[in-house]
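Undergrad:
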Amino acid sequence: MSRHLDTNSRSRRRGRTAGAAAVAVVLAAGLATALPATAHAAGKTEAAEVLIPAPDAFGEGPEKILATGRQGVLHREGDDYLWTNSYNTRTRVVTELAGVPEELLVGGHDEFNRAIYTEKRADGGTDIVRIGIEDPAFTNRSTVPARYLNLRFAGGWTVATVDKGDGTYEMRVPRGGDPSADPLVRLPAGATTGAEPVVLGAQGSEVLIGYRLADGSPGYGILTAYDGRVKPLPVTGDASSFRITQMNISWFSRNGDGGQGVRILPRSGTGTPKVVPLDTGSPDSEVAAFVVQDGIVWHEGLGGPLRLTPHTGVDTARTLLPTVEFAQLRGEGYGQVLTLGKNADGDRAIHLFHQNGIGIISDLVMREVPGVKTADGEIGALSLDRGRLRYVNSLVGKDTLHGKAVGTGLDPAEGAPLADFPGLAAGRFADGTDEGLARLVTDPATGKDTLVTGDDPEQPSDGLVLPGTGGRVLDASPEFVLYQAGGRQYVVDTARDLVVRDQPAQGAVLDGDRLVKSAPSKPGTVNVVDPRTGTVTGTHDIGTDCVPGELQRSGTLLYWSCAAQDAAGVYDTATHRDYPAPVSRVLLGDRFLAAREASGDLRLTALRPDGSTGDLGTVTGLKPPKDDDGRGTTWTLDPAAGKLAWVGTDDTVHVTAPQQAVSPLGVTHSAVPATSAGGWNAAWWLSRPAASWKLTLVRRSNGETVRTWTGEGTRGTVRVAWDGTSASGDPVPAGGYTWRLSAAPADGSGGDATASGTLRVTAG
């Protein structure tokens, strides 16, 4: 987790010795070369980095199907005209249509995969431009004279009317050449057309048209486009949803023989149509129906379901899409239907429905409609702990804590997402306890802060009501949480659900099962306290004449800051060496220091075991924090590993490894009973994640290994429960035993951590 306290910003610092002051020049002078982005570790040519953009809000993107072809669909998303083919569902921009107004494009189906649009000429005529999308050989331009009115298009053919001058009109098929060669549409005897021709579809050289019979009723026929002949169709009463494929002609009617249903007629147009009843939800709804070989694909109106009603074959009646926005026939073969709609999960896509080789209507998702961003996410807090990144994203006024595994190796690696927790803000959560994520919520009865733990938002622990309100979590360890509210600090024992220590707000940090805190009455002294008993178990002399108001701990390193006295440093409790450090805006990592400069950049400095420091680079491009500090809000690090997380100006979280000279894996503390009377529960806490561990129990009298336990992938805790039996299940003899634990570091750096001890079994 991010271990930090809020402090006043200062820019000066002083060390304990002249040597430390000399090293401070490295820190104060900055870097000779500032890296343009994430700082790189010394000696590394390219730093590994995990990038996690802030989750944004997305809504349905604009999508419109414009036309279909034998091998694809022409559609529009935003400003681009796109073509998605049906043989590998790849999409490309149709650059030839750039700048063409959408209202000039011709809809419908074109078997030659052409995009068609019109251009008005100065003489009142019209140019028809055809773009061969799959094959440029089909690109051409033809002209239509000005006297041709109300052009209609279907299947690559054009039908227009000509004013005869006596209040009547005739239909013609302009072919782009000499107008005198354009076929005159020869309607049945007594039939007429209005100024606007009725064109219902086309396939090959045949066009479905409508007209008025001599008695004023509607009539329908098949126009042979190259010679103008019209063959009437046996349509009676009201009819709609006319379709034509290579094999069939169909329409929907609620009148005539057979009652309500789809009429299917062979392409020859002779004989009695087959009637396929449809179970519509309304007696007067608008029905769009398409014959797809052995089935009818249909819907009522728009927004309702797309359904399948078989008229022969092996398929069954079912709903193909819960919601359909658009549907259009592709007239090849027995017909296919291209639709825009949503599936049961609400995913919006362009679908192609066709009958497969076993007689079932299949769904080919040609293009999932990309959403459009409706609101920008904003990162407001983050933490990093033993391979887990947590980050708060604010979206449309709602805060959500997200998480991502970022690996336990030396380099970060993006892993699985963690569970989301709603409503958390900076300072109200911390990773690192044995129970999982620790977070503060508000008790509805008292309004006080309540601490809950657990990595499953649906199954949190029972909440522990705390003494304060509006507080924050300062630190967390496997068994404790350090909480501050109202000028007081409280140590919470999460293993026992107790507040075990209450003290004034001061410099304090958790270190495993100990609390490290300043001694107000002893300047320069830092006490190590057992938080459960209050016993001082050790002290550190940090060599200053002030009382630190801020402490941070990483392994053997202790960062201290006396902001009022403008003094700060890092003290190695093992080697007693000192390192210089700024007095504020600092986080202590595993053998390195990160400090935010006045420029907003992060300066990274290695803290070597021999007491020297090294330049690890500068991180630029950070998002400016709201509090001029940014620790825990725009940047943080893992104090038990060499990893750093920071937020860029575009609200992308970057996780990097500034350096890989990490501390060796060790056992920080343990709870191992020395005696056992048939039951033994032991626990060891590691300084960082382990890839595997092994525990052996050996009988001292004869060296026999009586039990062996192994485990994989622990983030920091090894627990063993033993019932006093051997591997064969028999009780072991009473007497003395030796246990030995070994753990392999998950990052592969350094040797195994080991620990050993003795155990006396008192009952066999």
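Okay, so the sequence shown: first residue is 454 according to the numbering used here, each after it adds one. Heads up, the beta-carbon is just placed ideally off N, CA and C, and yes, glycines get one too.
Starting from R841, trace the beta strand (DSSP E) in both directions and tell me its first and last residue.
TA: As a working note, residue 841 is residue 388 in the sequence shown. Its beta strand (DSSP E) spans residues 841-848.
Undergrad: Where does T882 sit, in a helix, a strand or coil, going by DSSP?
TA: Here residue 882 corresponds to residue number 429 of the sequence shown, with the count starting at 1. Note that residue 882 is Phe in the sequence shown here, rather than Thr. In the structure shown, F882 sits in a strand (DSSP, three-state: E or B).
Undergrad: Once DSSP output is grouped into helix, strand and coil, what is the label at E821?
TA: In the sequence shown, counting from the first residue as 1, residue 821 sits at position 368. Note: E821 maps to strand in three-state DSSP.
Undergrad: List, from N- to C-terminal side, the beta strand (DSSP E) runs of 3 residues or more that fit wholly inside the stretch 977-1047.
TA: 978-982, 989-994, 1003-1007, 1010-1015, 1020-1025, 1031-1033, 1039-1042
Undergrad: Determine, using beta carbons only, whether V582 and R574 come nearer to each other than 7 Å.
TA: As a position in the sequence shown, residue 582 is number 129, starting the count at 1. As a position in the sequence shown, residue 574 is number 121, starting the count at 1. Not in contact: V582 and R574 (Cβ atoms no closer than 7 Å).
Undergrad: Does the structure place the stretch 936-956 close enough to the stretch 913-922 that three or more beta carbon pairs sit under 8 Å?
TA: yes
Undergrad: On the CB-based measure, 16 or more other CB atoms within 10 Å of its CB, does R771 come out buried or exposed?
TA: The count along the sequence shown starts at 1 and reaches residue 771 at position 318. By the neighbour-count rule (16 or more Cβ atoms within 10 Å), R771 is not buried but exposed.
Undergrad: For L755, does the three-state DSSP call read helix, strand or coil?
TA: Within the sequence shown, the letter at position 302 stands for residue 755. In this structure, L755 counts as coil in the three-state DSSP scheme.
Undergrad: Determine, using beta-carbon pairs with one atom in the stretch 1176-1195 and one in the stretch 1134-1152, whether at least three such pairs fall under 8 Å.
TA: Yes, since at least three Cβ pairs between the stretch 1176-1195 and the stretch 1134-1152 fall closer than 8 Å, the two stretches touch.
Undergrad: Is there contact here, the stretch 761-779 with the stretch 673-683, by at least three beta-carbon pairs under 8 Å?
TA: Flag = no, the stretch 761-779 and the stretch 673-683 do not touch.
Undergrad: Quick one: what's got a C-beta closer than 8 Å to Q524's C-beta in the same chain, skipping five residues either side?
TA: For the purposes of this step, residue 524 is identified with residue 71 of the sequence shown, where counting begins at 1. Taken in chain order, the residues that qualify are N538, S539, Y540, N566, E587.
Undergrad: Between the Cα of T1026 and those of G996, R892, G788, R600, spot the shortest distance and give me the residue it belongs to.
TA: Counted from its first residue, the sequence shown places residue 1026 at position 573. For T1026, the closest C-alpha among the options G996, R892, G788, R600 is that of G996.
Undergrad: Can you tell me the Cα-Cα spacing of A972 and T886, whole angstroms?
TA: Here residue 972 is taken as the residue at index 519 of the sequence shown, counted from 1. Here residue 886 is taken as the residue at index 433 of the sequence shown, counted from 1. Taking the straight line joining both Cα atoms gives about 26 Å.
Undergrad: Which partner residues of L557 appear in the DSSP bridge assignment?
TA: Along the sequence shown, read from residue 1 onward, the residue named residue 557 stands at position 104. According to DSSP, L557 bridges with nothing at all.
Undergrad: Assign Y664 to buried or exposed, taking buried as 16 or more other Cβ atoms, counted over all protein chains shown, within 10 Å of its Cβ.
TA: Sequence index remark: in the sequence shown, residue 664 carries index 211 (1-based). Flag for Y664 reads buried.
Undergrad: Excluding sequence positions up to five away, which residues of its chain have a Cβ less than 7 Å from the Cβ of Y622?
TA: Here the question's residue 622 lines up with position 169 in the sequence shown. If we look at Y622 and ignore the five residues flanking it on each side, its Cβ neighbours are T614, V615, D616, T646, G647, A648.
Undergrad: Which residue comes first and which comes last in the beta strand (DSSP E) that contains F695?
TA: Translated into positions along the sequence shown, residue 695 becomes position 242. Run containing F695: 693-697, per the beta strand (DSSP E) assignment.
Undergrad: Given a threshold of 16 other Cβ atoms within 10 Å of its Cβ, counted over all protein chains shown, does P1198 qualify as buried or as exposed?
TA: Residue numbering aside, residue 1198 sits at position 745 when the sequence shown is read from its first letter. Buried.
Undergrad: Give a yes or no on whether the minimum CB-CB distance between D1104 and chain B is below 7 Å.
TA: Protein chains in the displayed structure number just one, and chain B is not present.
Undergrad: Are at least three pairs of beta-carbons, each pair with one atom in the stretch 791-807 and one in the stretch 1053-1060, less than 8 Å apart?
TA: no
Undergrad: Buried or exposed: L1148, going by 16 or more other Cβ atoms within 10 Å of its Cβ?
TA: By 1-based counting over the sequence shown, the position of residue 1148 is 695. The residue is buried, with at least 16 neighbouring Cβ atoms inside 10 Å.
Undergrad: Using a Cβ-Cβ cutoff of less than 8 Å, which residues in the same chain neighbour G987 once the five nearest sequence positions on both sides are dropped?
TA: In the sequence shown, the residue the question calls residue 987 occupies position 534. Contacts found: R954.
Undergrad: In the DSSP output, which residue or residues are listed as bridge partners for N701?
TA: Reading the sequence shown from its first residue, position 248 is the one you call residue 701. BP columns for N701 point to P719.
Undergrad: Whole angstroms is fine: what's the gap from A742's alpha carbon to K826's?
TA: The sequence position of residue 742 within the sequence shown is 289, counting from 1. The sequence position of residue 826 within the sequence shown is 373, counting from 1. The alpha-carbon atoms of A742 and K826 are separated by roughly 35 Å.
Undergrad: Buried or exposed: which applies to D768, given that a residue is buried once 16 or more other Cβ atoms fall within 10 Å of its Cβ?
TA: By 1-based counting over the sequence shown, the position of residue 768 is 315. It is buried - the Cβ of D768 has at least 16 other Cβ atoms within 10 Å.
Undergrad: Could you give the DSSP three-state label for A1127: helix, strand or coil?
TA: Here residue 1127 refers to the residue found at position 674 when the sequence shown is read from its first residue. A1127: coil per DSSP, three-state reduction.
Undergrad: How many angstroms separate the CA atom of T1028 from the CA atom of P1062?
TA: On the sequence shown, residue 1028 is found 575 positions in, with the first residue counted as 1. On the sequence shown, residue 1062 is found 609 positions in, with the first residue counted as 1. Answer to the nearest angstrom: the Cα atoms are 8 Å apart.
Undergrad: Please return the same chain residues whose Cβ sits closer than 7 Å to the Cβ of G1204, not counting the five positions on each side in sequence.
TA: Locating residue 1204 in the sequence shown gives position 751, where the first residue counts as 1. P1117.
Undergrad: Output the boundary residues of the beta strand (DSSP E) element that contains R574.
TA: For the purposes of this step, residue 574 is identified with residue 121 of the sequence shown, where counting begins at 1. Counting along the chain, R574 falls outside any beta strand (DSSP E), and DSSP gives it neither H nor E.
Undergrad: Specify, as a first and last residue, the run of the beta strand (DSSP E) that D915 falls within.
TA: Taking the sequence shown and counting its residues from 1, the one referred to as residue 915 is at position 462. It is not in any beta strand (DSSP E) - D915 carries neither H nor E in the DSSP assignment.
Undergrad: Our contact map puts V1254 next to P650 with C-beta atoms below 8 Å; I'd like the distance itself, whole angstroms only.
TA: A query on residue 1254 cannot be resolved here, the shown segment of the chain reaching from 454 to 1217 and no further.
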